[in-house]
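Per numbering that gives the first Met the number 0: the sequence shown = residues 0 to 423. Even glycine gets a Cβ: it sits at the ideal position worked out from N, Cα and C. Here the structure is a predicted model, which is why all the values come from computation and not from measurement.
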Amino acid sequence: MRRRKLLGPFILTMTIVLLTTVGVYSQKTKIVFFNWYATPSANQVELDIIEAFERSHPHIEVEKQVQSGAALMWEKALVMAAGGVPPDVVNVSLAVGLPARRSGMLLDLRPFIERDRFEMTHFRPGYELTLGPDWAWDGKIYGIPYGFGLLNIFYNREMFREAGLPEPYKGWTKSEFLTAARRLARDIDQDGNPDVFGCAAPGLHYSPWVFLDGGDYADPDSGRLTVEEKEFVSALEWIVHVRTNYPVFGGSRDHFFASAMGMTFEWDSFIENLRTRDLPFEWSTTWMPRGGEIPQPISYGQGHIMGIMTGSKHPEEAWEFIKFYYSPEAQQRLAEGFLFPMTMEGMKSVTKLLHFPSHLNKDEILRPYADVGILKTVPWWVPGVTDALNKGTSRLSQLLSGAMSIPQWIEQFKIDVAAAAQNL
0 MRRRKLLGPF
10 ILTMTIVLLT
20 TVGVYSQKTK
30 IVFFNWYATP
40 SANQVELDII
50 EAFERSHPHI
60 EVEKQVQSGA
70 ALMWEKALVM
80 AAGGVPPDVV
90 NVSLAVGLPA
100 RRSGMLLDLR
110 PFIERDRFEM
120 THFRPGYELT
130 LGPDWAWDGK
140 IYGIPYGFGL
150 LNIFYNREMF
160 REAGLPEPYK
170 GWTKSEFLTA
180 ARRLARDIDQ
190 DGNPDVFGCA
200 APGLHYSPWV
210 FLDGGDYADP
220 DSGRLTVEEK
230 EFVSALEWIV
240 HVRTNYPVFG
250 GSRDHFFASA
260 MGMTFEWDSF
270 IENLRTRDLP
280 FEWSTTWMPR
290 GGEIPQPISY
300 GQGHIMGIMT
310 GSKHPEEAWE
320 FIKFYYSPEA
330 QQRLAEGFLF
340 PMTMEGMKSV
350 TKLLHFPSHL
360 NKDEILRPYA
370 DVGILKTVPW
380 WVPGVTDALN
390 KGTSRLSQLL
400 SGAMSIPQWI
410 EQFKIDVAAA
420 AQNL
């Protein structure tokens, strides 16, 4: 009887402990992941990653919110933060990379990285372009490389053969590219306009063409503008020259799908677009043409970052999600959809998991993404450059029509950079 009396309080205590423990673990911590990947296929890939994360982290719930348009997404994130409910994990586009980092609204992830020994060197080639130089941020790390892609040329191999053209190769020149574009184009009805385009039109908007001769908008190390240097000017002159003198450029993706365009230039994800269409012709990818005296072609890349917003009520849980996003499991899921896997493990998964129709050469298609040239991107970390570029791009039509000269475009670009930098 005495033993029962002694057991009574013990059982009651253990019951309370168990109930309390169950209560604690049944209460999930909810975090918000904010992104601009709005297409059904891209959204599903990330929802699959979230589902896998929640299985391995049952105490954390992830709500994905989407805002189409990277710049609009960041603006909305700031509004949410001002209202006291910032998203926890947020993707930050290159286009707003500088103001976002300067806003004070992104946590420095270096303490998390160093504490957990998160590996920052296992990313695909070019990842450093998403981070910018250390001098710009005083050693702070405001995000993990995210969504990096390369802009390469896609071409219709059958059209090349029919035109008697050799295959493009790493190191082919601007002259060889122009020859190919002219021979691929056809004016079937003889009205002076191409019915079959040689290539999509070279432009200025976040594209590789102005870098082809080795020039740049600004010196990546010092931030000094370099738009007046001969390498940049010669590339800009070439763009205007070929666009105004050779009516072989234009068209859209639909023209490429219909064999009415011999070449185009697109991001990595275009591979999945073409692969799943099961097109009747053989296509492949190649490097951008090499210009000037540079020894290798330019591999133009763009990428973004995944960070944690200042004011997040759950930064530790947000960091756990970020770490999982770069795990082999999550990167493999990105690879399955060719949705810009970031790690080398993810890129290796692409070669293993992607299946192509038998008439396509998978190794050749993927080679320009592994065997890269000289990596370049818009120096978004230089104050005012992206804002000026957005304005300067709209002036391309003035360059092509002769309403604005190249020196005038360059001078206006410098003015726009200075004005935008003052507002940062």
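Non-local beta-carbon contacts of Ala-70 in its own chain, meaning distances under 7 Å to residues more than five positions away in sequence, involve Ser-92, Ala-94, Val-95 in chain order. Pairing Phe-147 with Phe-339 gives a Cβ-Cβ distance under 8 Å.
For Met-343, the uninterrupted alpha helix (DSSP H) run begins and ends at 343 to 352, by DSSP. Look at Gly-83 here: in three-state DSSP terms it is coil, with no helix or strand label. By the Cβ criterion, the stretch 36 to 54 is in contact with the stretch 326 to 334, since at least three pairs of Cβ atoms, one from each stretch, lie closer than 8 Å. Within the stretch 376 to 416, the complete alpha helix (DSSP H) runs of at least 4 residues fall at 384 to 393, 395 to 400. Only exposed fits Thr-243, as fewer than 16 other CB atoms lie within 10 angstroms of its CB. For Met-262, there is no enclosing alpha helix (DSSP H); the enclosing beta strand (DSSP E) covers residues 260 to 265. In the DSSP assignment, Glu-60 falls within the unbroken beta strand (DSSP E) covering 59 to 65.
Between the stretch 410 to 420 and the stretch 370 to 389, the count of Cβ pairs shorter than 8 Å is three or higher; the stretches touch. Taking the Cα of Gly-310 as reference, the smallest distance to any Cα among Val-89, Phe-196, Ser-268, Val-241 is reached at Val-89.
A straight line joining the alpha-carbon of Gly-197 with that of Glu-292 spans about 25 Å. For Val-247, the secondary structure class from DSSP, reduced to helix, strand or coil, is coil. Straight across, the Cα-Cα distance linking Met-346 with Phe-122 is about 9 Å. DSSP places Thr-28 within a strand segment (E or B) once states are collapsed to three.
With contacts defined by Cβ atoms closer than 8 Å, Tyr-126 and Ile-304 do not form a contacting pair. With at least 16 other beta carbons inside 10 angstroms of its own, Ser-283 counts as buried. By the Cβ test, the stretch 221 to 238 is in contact with the stretch 392 to 411, since at least three Cβ pairs between them sit closer than 8 Å. Look at Met-305 here: in three-state DSSP terms it is strand.
For Gly-148, the enclosing beta strand (DSSP E) begins and ends at 143 to 155. Annotated three-state conformation of Thr-275 is helix, per DSSP. Ala-41 and Met-341 have their C-alpha atoms roughly 15 Å apart. Annotated three-state conformation of Ile-293 is coil, per DSSP. The C-alpha of Pro-86 lies about 17 Å from the C-alpha of Lys-322. Under the 10 Å beta carbon count, Leu-423 is surrounded by fewer than 16 other beta carbons and is classified as exposed. Judged by DSSP in its simplified three-state form, Ala-418 adopts helix. Note that the C-beta distance between Gln-301 and Tyr-205 is below 8 Å.
If you draw a 10 Å sphere on the C-beta of Ala-180, you find 16 or more other C-beta atoms in it, and that means buried.
Going by DSSP, Thr-178 is part of the alpha helix (DSSP H) stretching over 173 to 183. Under the DSSP assignment, Ser-283 falls in the beta strand (DSSP E) whose first and last residues are 282 to 285. With distances taken between CA atoms, Gln-66 lies nearest to Val-31 out of Val-31, Tyr-324, Gly-103, Leu-97. Linking Leu-177 to Ala-317 through their CA atoms gives a straight-line distance of about 49 Å. Trp-208 is not a Cβ neighbour of Gly-214, given a cutoff of 8 Å. Leu-333 and Asp-47 have their C-alpha atoms some 10 Å from each other.
Every alpha helix (DSSP H) stretch that sits fully inside the stretch 87 to 128 and reaches 4 residues is listed by chain position as 96 to 101, 109 to 115.
Look at Ser-268 here: in three-state DSSP terms it is coil, with no helix or strand label.
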